[in-house]
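Residue numbers (mature numbering (1 follows the signal peptide of the UniProt record, and there is no 0)): -23 to -1, 1 to 129.
Think of the CB as a built atom: it goes at the ideal place given N, C-alpha and C, for glycine as much as any other residue.
Computed from a prediction, not measured in an experiment: that's the story for all the values here.
One structure is given here, and the rest of the page talks about it.
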């Protein structure tokens, strides 16, 4: 009788430990590796922008957010369709190709929009700020490379 109780307790503890492990693992996955921390915001803060430049860049960022909102919603829809395809009994190659093409198209559209916005922000800067911007961007890229190597 005590052997059964001991087995039941051990099994219950094992299940609890497994749930805890799975929960902590899924938390780590969603948090990411932080190899892409920082970004344009840090660079812009370091440039000591005047009030006019700040207002123009704020407007550019607002327009970027507005322009990309629909694209990201469409990407979420495609991701949902891909997940449904993963969970289906069999993968339909034509549907998979269509979803991959759609995802690549949307990602390309988002990247183009972001590049155009960054170009607009860059053109708001003075010559000195542009030089500093290029230097800071180069430093940031090197830092990201090192962080990426360290965590991948």
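Residue i to residue j span [Cα, whole Å]
i           : j           : result
residue 58  : residue 48  : 15 Å
residue 2   : residue 126 : Caution is warranted here: a pLDDT of 45 is assigned to residue 2, below 50, making its placement in the model unreliable, and the coordinate value is therefore given only provisionally. Near 21 Å, if we compare the C-alpha coordinates of residue 126 and residue 2.
residue 101 : residue 69  : 48 Å
residue 42  : residue 99  : 17 Å
residue 109 : residue 121 : 18 Å
residue 64  : residue 46  : 27 Å
residue 107 : residue 60  : 43 Å
residue 66  : residue 118 : 43 Å
residue 32  : residue 20  : 16 Å
residue 73  : residue 62  : 8 Å
residue 116 : residue 71  : 43 Å
residue 105 : residue 75  : 47 Å
Close Cβ partners of residue i (< 7 Å) along its chain, the five nearest in sequence each way excluded
i          : result
residue 54 : none
residue 27 : none
Pick from the options that is closest to residue i, judged by C-alpha positions
i           : options           : result
residue 39  : 97, 119, 128      : 97
residue 17  : 27, 111, 51, 32   : 111
residue 51  : 95, 78, 113       : 78
residue 90  : 23, 44, 33        : 44
residue 92  : 117, 37, 30       : 37
residue 103 : 23, 30, 19, 76    : 30
residue 35  : 107, 115, 105, 94 : 94
residue 22  : 61, 128, 113, 73  : 113
Residue i, enclosing alpha helix (DSSP H) - first and last residue
i           : result
residue 65  : Here residue 65 belongs to no alpha helix (DSSP H), and DSSP marks it neither H nor E.
residue 104 : 104 to 128
residue 16  : Counting along the chain, residue 16 falls outside any alpha helix (DSSP H), and DSSP gives it neither H nor E.
Close-in-space but distant-in-sequence residues of the same chain around residue i (CB under 6 Å, 5 per side omitted)
i          : result
residue 83 : 48, 51, 52
residue 80 : 55
residue 5  : Note that residue 5 scores 44 on pLDDT, short of 50, meaning its location in the model is unreliable; the coordinates nonetheless yield the value given after this. Closer than 6 Å at the Cβ level, and outside the excluded window around residue 5, lies no residue.
Same chain, Cβ closer than 8 Å to residue i, neighbours up to 5 away in sequence not counted
i          : result
residue 86 : 48
residue 7  : Its pLDDT being 45, under 50, residue 7 is placed unreliably in this model, and the value from its coordinates should be taken loosely. Cβ within range, chain order: n/a, list empty.
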